[in-house]
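See below for the structure under consideration.
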Amino acid sequence: MFGRYRSEKISYGIVGLGRFGYALAKEMAGLEADLLILDKNEEKVREIREYTENALVIKNLDKGSLLETGIQNCDVAIVCIGEQMDISILTTLNLVSLGIPEVIARATSTEHGQILEKLGAKVVYPEHDMAARLAHKLEDADMPEFAELDEHINISKLTISYDMEDESIAEVNLRGKFGVNIIAIENEEEVFYDIDPDYVFKEDDVIYVIGDKENLNELTEWIDDD
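Just so we're aligned, residue 1 is where the sequence shown starts under UniProt numbering, counting upward by one.
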């Protein structure tokens, strides 16, 4: 069935059902887009089938496995894999080599994006773009202490703890400890969203952090206990 996947309207193949991929697939399904969705996680595939039936479990993202799904017949393929850079790069390479007219790939860093561009993909930076929009909002008005983006993703505004002062972002390692990401920092001089892991926190710095509500609650408790 899927090996002959065709449609008169523009068809989209989405590879990867992480937070970004799932949100994208759900939104596009709501717009009644013609979709083919691939992920190795059976549970995630079952969940997204509530919104579109064209979702397949794919255990390997090699060229042969991708061909079996029929994704080569899509007009646009979107690689939503981010954290596993090697898999992202290989999947993008395979999709480009299949001759899909347009391949879009998510990048998590400038270096990652440069590699994807050299492979022939258009690159998007979801976290960077979200942070940029947030920064513009911060310049216009005060942001509440907590903002719910959807049922999964939230943003918290927190003043750093004493223990974080004079430590770099890499040393504090909020991603490793709590599974959250800093998307903007506000200090006495400015608000910036081009986050450098070597940035050293200063007294009264305010961080804007994105993540699951539960993880953000744990981070807030940790900061408050300091």
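Even glycine gets a Cβ: it sits at the ideal position worked out from N, Cα and C.
Bear in mind that the values here come from a model prediction, so they are computed numbers and not experimental data.
- Secondary structure at leucine 61: coil, using DSSP grouped into helix, strand and coil.
- For glycine 99, same chain residues with a beta-carbon under 8 Å away, outside a window of 5 residues either side, are Gln72 in chain order.
- In the three-state reduction of the DSSP assignment, glutamate 47 falls in the helix class.
- Under DSSP, lysine 157 forms a beta bridge with Tyr208.
- Close CB contacts of aspartate 75 within its chain, under the 6 Å cut and outside five residues either way in sequence, are with Ile10, Ser11, Pro101 (chain order).
- DSSP places tyrosine 193 outside both helix and strand once states are collapsed to three, so it counts as coil.
- Runs of the alpha helix (DSSP H) lying entirely within the segment 75-109, each at least 4 residues long, are 85-97 in chain order.
- It is roughly 20 Å from the alpha-carbon of glycine 211 to the alpha-carbon of valine 191.
- Closest in alpha carbon position to isoleucine 48, among Lys63, Glu32, Gln114, Lys26, is Lys26.
- When Asn54, Leu17, Leu36 are compared, the shortest CA-CA separation from glutamate 43 is found for Leu17.
- Excluding five sequence positions before and after tyrosine 51, the CB atoms of its chain that fall closer than 8 Å to its own CB belong to Ala25, Lys26, Ala29, Gly30, given in chain order.
- Bounds of the alpha helix (DSSP H) holding asparagine 215 are 213-224.
- In this structure, the beta-carbon distance from isoleucine 87 to isoleucine 81 falls below 8 Å.
- The residues Leu17, Ile37, Asp39, Ala55, Leu56, Val57, in chain order, have a CB closer than 8 Å to that of valine 45 in the same chain once the five nearest residues on each side in sequence are set aside.
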